[in-house]
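Okay, so the first sequence: first residue is 47 according to this note's numbering, each after it adds one.
Taking it in order: structure first as structure tokens, then the write-up.
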Amino acid sequence: MKLAAWNVNSLNVRLPHLLDWLARERPDAICLQETKVEDKNFPLEAIAKAGYRAVFSGQKTYNGVAILARESPQAVEEGISGYADEPKRVLSANVGDLRLVSAYVPNGQSIGSDKYRYKLDWLGQFDRWLEGELKKHPRLAILGDFNIAPEDRDVHDPKAWEGQVLVSAPERAAFQQLIGRGLKDSFRLFDQPEKSYSWWDYRMNAFRRNLGLRIDHILLSPGLAPHCRSSSIHVDMRKLERPSDHAPVVVEIDL
DNA sequence: ATGGCAGGAAGCTCCTGA
47 MKLAAWNVNS
57 LNVRLPHLLD
67 WLARERPDAI
77 CLQETKVEDK
87 NFPLEAIAKA
97 GYRAVFSGQK
107 TYNGVAILAR
117 ESPQAVEEGI
127 SGYADEPKRV
137 LSANVGDLRL
147 VSAYVPNGQS
157 IGSDKYRYKL
167 DWLGQFDRWL
177 EGELKKHPRL
187 AILGDFNIAP
197 EDRDVHDPKA
207 WEGQVLVSAP
217 ERAAFQQLIG
227 RGLKDSFRLF
237 DQPEKSYSWW
247 DYRMNAFRRN
257 LGLRIDHILL
267 SPGLAPHCRS
277 SSIHVDMRKL
287 ERPSDHAPVV
297 VEIDL
């Protein structure tokens, strides 16, 4: 099984890139974030032509998540059960023997802001919900934009970013809380190049200078992680004309 | 130096993202 996570920053704009990538990489499933498209406008036909079924939970302008898979996603669930969260940030479905969760964690804007408090509350709810999901689904993967760089090696300039949003200690502690549930950061199961990132600011020639952060992750449950064969970031997608500011993250799992 | 760039909705400027 080949699985991917990609924050497309507008599915409408990125659809040609997505279709090219699907044709080339042929993943079994891909979880998308920041689709920014209402469900009635979701580009189902183009995706079906590419050989993928899709389930989606979207809204105008902001947020929006989707799961595309070669076989039809089953037992689809929107959001975090028991948490009334308006933005469309979470979508779960069975794909084959796996439970996939497409997740778009809040950005947090700045330390001490209402959005930062919301991010930490949200992560607490997400963790609480995952405790039950992991019991129900031993083979579970969370694929998404976590908006957290877990360690200093995931940050191009840890000094400059120290204490900032995406990097702050409470956010990292929330990430470690998930790791404490036995979830593995698939990328770190393998030797990786130094300065590996998944997001680069559009400004200041950040990509050309590799001023990035690794904030997009695929977390694997204890039942799944031992079967993971590879994990990589498809940095080339960031080099295209009109790219997403995020690159796809990919894992291969032997099942 | 709080800028820079991009997307979306609105409407020629604003908010949000990370």
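C-beta: ideal position from N, C-alpha, C; glycine also.
| Check | Outcome |
| --- | --- |
| What would DSSP say about Tyr162, mapped onto helix, strand or coil? | helix |
| Which residues in the same chain have their Cβ closer than 6 Å to the Cβ of Ile299, if we skip the five residues on either side of it in sequence? | Met47, His273 and Cys274 |
| Near Phe88, which residues of its chain fall below 6 Å by C-beta distance, leaving aside the five closest residues on each side in sequence? | Phe102 |
| Does DSSP put Leu221 in a helix, a strand or coil? | The question names Leu, yet the displayed sequence has Phe at residue 221. Helix at Phe221. |
| In its own chain, which residues sit with a C-beta less than 6 Å from the C-beta of Val151, not counting the 5 before and 5 after it? | Phe192 and Asn193 |
| Excluding the 5 residues flanking Phe233 on each side, which residues of the same chain have their C-beta closer than 6 Å to its C-beta? | Ser277 |
| Across which residues does DSSP place Glu124 in a beta bridge pair? | Leu137 |
| With three or more C-beta pairs closer than 8 Å as the rule, is the region 166-173 touching the region 209-222? | yes |
| Which partner residues of Arg145 appear in the DSSP bridge assignment? | Asn140 and Leu186 |
| Could you check how far apart the C-beta atoms of Val296 and Pro73 are, in whole angstroms? I think they sit under 8 Å. | 7 Å |
| When the Cβ atoms of the region 112-121 are set against those of the region 133-146, are three or more pairs found closer than 8 Å? | yes |
| Cβ atoms of Leu259 and Ala195: under 7 Å apart, would you say? | yes |
| Rounding to the nearest angstrom, what Cα-Cα distance links Gly154 and Val213 in this structure? | 11 Å |
| Leaving aside the five residues before and after Phe253 along the sequence, list all residues of the same chain whose C-beta is less than 6 Å from its C-beta, in chain order. | Trp246 and Arg284 |
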